[in-house]
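So the sequences go chain by chain: X and D. First residue of the first sequence: 1, per the numbering used here; consecutive thereafter. First residue of the second sequence: 171, per the numbering used here; consecutive thereafter. Note that CB positions come from ideal geometry on N, CA and C, so glycine has one too. Following: one structure in structure tokens, then a few remarks.
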Amino acid sequence: MQPKYMNPYLGGVLLGLVLLAAFFVSGRGLGASGAIKDTVASGVKTVAPSHYFNAAYYSEYYAMQRERPMNTWLVYQMLGVIVGGFLSGVLAGRMKLKVEHSPKITSRRRLYFALAGGILFGYGSQIGRGCTSGSALSGMAVLSLGGFVTMAAIFGTAFVLAYFFRKNWI
Amino acid sequence: MGPLIVYDIISQNTNLLLAFFIGIGFGFVLEQSGFSSSRKLAGMFYGYDTTVLKVFFTAAITAMLGMLFFSLFGWMDLDMVYVNPTYLTSAIIGGIIMGAGFILGGFCPGTSFCAAAIGKIDGMVFIGGLFIGILIFTEGYPLWESLYYAEFMGSPRINEILGLSQGVFGLFLIFAAFAMFWIGEWAEKKFPREIY
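Set out below in structure tokens:
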């Protein structure tokens, strides 16, 4: 049985309204990778403070970010995402600890690829100044040229590479 | 008049509280739409499930239209809305690397958090990867700093480049989105998959 999901066009309108609310309140859109960057910066500051104040990236970050790196809009928003995803999963009866993968591959293989994909996506999101949410979706909603370029590069590359990784998915 | 924080209508703390509630809406809608499943997300690139396309573009045009209406009603000052700056080289290279991460990992950052929130271990591992990837970027920053700042174009809107008003470009974008929805519906019939 296919799990019961919301109609995608209705989901899209609701997501659009959430995005609109984000712009109306904060003047910026939604984001995800930015919150992880804040957490990484905060972690480095705690673990290695002298490195934090000397290394090139963190000193630039510190200059923009005031004194408390975790007290940012995106960190609170991502905490909300975890709560919202959890509530939806509970309501829909989808809470289950598992590795989701194609029957043609092992769980172990799926996890190696998930890790590699996460590393690439994390690194790419910093090069590209935001991920699918912050750069592509929010950027497109404000008609940012960079948002359209990033969106086309993300989806274009995934389509081009899809053939080589088809065993993982189909 | 919005954006509320720019016009000091709400305090900084209220802004952060609202961020949390907006995040709940974001996570809830993503999960309800099936974005907590990597096999559903990856379906986009094989044609068997184009939910990503439908949700993504419907959301983008809804928010865009909403902002144009709010501006028309005098509720929101669009000049005060943040427009992502365009650094052409890094936008393309970053996008290519993210696209590779998408097809390997089956998630993007926001969706991986939804997946992890309902117990998907692959989502949790992907998040671990995100932390590593971002740490590699921040630690090795001097190595790619020149790439990061190359080809800066300011913060142009795409309609300005094309010499169109936001409204006219928006109309074209809506037509383009409907054309893509039609292609998506066609692809799902052509490459059907019963169970995944």
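At the level of alpha carbons, what is the spacing between residue i and residue j?
i, j, result
"M95 of chain X", "D292 of chain D", "14 Å"
"W245 of chain D", "V99 of chain X", "46 Å"
"V199 of chain D", "Q77 of chain X", "14 Å"
"L74 of chain X", "G31 of chain X", "6 Å"
"S172 of chain X", "T150 of chain X", "An answer regarding residue 172 of chain X cannot be provided, because it is not within the stretch 1 to 170 covered by chain X."
"A349 of chain D", "F342 of chain D", "11 Å"
"A168 of chain X", "S102 of chain X", "Correcting the residue type first, residue 168 of chain X is Asn in the shown sequence and not Ala. C-alpha separation (whole angstroms): 6 Å."
"I297 of chain D", "G16 of chain X", "25 Å"
"Y163 of chain X", "T106 of chain X", "19 Å"
"L274 of chain D", "Q182 of chain D", "39 Å"
"L334 of chain D", "A286 of chain D", "42 Å"
"A114 of chain X", "R28 of chain X", "29 Å"
"Q243 of chain X", "N54 of chain X", "Summary: the structure shown does not reach residue 243 of chain X, with chain X confined to residues 1 through 170, and so no result is reported for it."
"A261 of chain D", "S138 of chain X", "14 Å"
"M1 of chain X", "Y57 of chain X", "Its pLDDT being 45, under 50, M1 of chain X is placed unreliably in this model, and the value from its coordinates should be taken loosely. When rounded, the distance between both Cα atoms is 48 Å."
"A233 of chain D", "A141 of chain X", "6 Å"
"S50 of chain X", "N71 of chain X", "21 Å"
"G146 of chain X", "G130 of chain X", "10 Å"
"G84 of chain X", "G289 of chain D", "14 Å"
"I370 of chain D", "L10 of chain X", "With chain D covering only 171 through 366, there is no way to say anything about residue 370 of chain D."
"G299 of chain D", "G118 of chain X", "4 Å"
"L143 of chain X", "Q336 of chain D", "8 Å"
"F191 of chain D", "W352 of chain D", "34 Å"
"G12 of chain X", "A48 of chain X", "42 Å"
"M171 of chain D", "F23 of chain X", "12 Å"
"L188 of chain D", "Y252 of chain D", "18 Å"
"V225 of chain D", "L20 of chain X", "15 Å"
"G128 of chain X", "G265 of chain D", "6 Å"
"P255 of chain D", "K104 of chain X", "43 Å"
"N185 of chain D", "I170 of chain X", "43 Å"
"E315 of chain D", "F165 of chain X", "31 Å"
Counting only the same chain and skipping the five closest in sequence on each side, list residues whose C-beta sits under 7 Å from that of residue i.
i, result
"L258 of chain D", "E321, M323"
"L223 of chain D", "M214, M350, G354"
"I231 of chain D", "L343, I344, A347"
"L332 of chain D", "F339"
"F277 of chain D", "S208, L211, A285, G293, F296"
"P279 of chain D", "L300"
"P8 of chain X", "none"
"L235 of chain D", "G340"
In this structure, what does DSSP give as the bridge partners for residue i?
i, result
"R108 of chain X", "Answer by DSSP bridge pairing: none, since R108 of chain X is not bridged."
"G172 of chain D", "D:M246"
"S144 of chain X", "D:R327"
"F322 of chain D", "D:Y257"
"K98 of chain X", "D:K290"
Within the same chain, show all residues whose beta-carbon is closer than 8 Å to that of residue i, passing over the 5 residues directly before and after it, in chain order.
i, result
"C284 of chain D", "G197, L200, E201, F205, S206, G293"
"V18 of chain X", "L30"
"V176 of chain D", "D247, M250"
"F159 of chain X", "none"
"S26 of chain X", "W73"
"E358 of chain D", "G217, Y218, D219, T220"
"K4 of chain X", "A92"
With respect to the alpha helix (DSSP H) encompassing residue i, which residues constitute its N-terminal and C-terminal limits?
i, result
"S282 of chain D", "279–287"
"V199 of chain D", "182–202"
"V47 of chain X", "33–47"
"M214 of chain D", "From DSSP, M214 of chain D is part of no alpha helix (DSSP H); its letter is neither H nor E."
"F164 of chain X", "Looking at the DSSP string, F164 of chain X is not in any alpha helix (DSSP H), and its letter there is neither H nor E."
"S133 of chain X", "Segment: none, S133 of chain X is in no alpha helix (DSSP H) and carries neither H nor E."
"V338 of chain D", "336–360"
"S88 of chain X", "73–92"
"L19 of chain X", "8–26"
Whose C-beta lies closer than 6 Å to the C-beta of residue i among residues of the same chain, with five residues either side of it excluded?
i, result
"I180 of chain D", "L174"
"G89 of chain X", "M95"
"S282 of chain D", "G293, F296, I297"
* How do the segment 97–113 of chain X and the segment 264–272 of chain D stand: do at least 3 beta-carbon pairs fall below 8 Å, yes or no? -> no
* So, do the segment 209–220 of chain D and the segment 304–321 of chain D have three or more beta carbon pairs nearer to each other than 8 Å? -> no
* Contact between the segment 31–42 of chain X and the segment 114–126 of chain X: three or more CB pairs below 8 Å? -> yes
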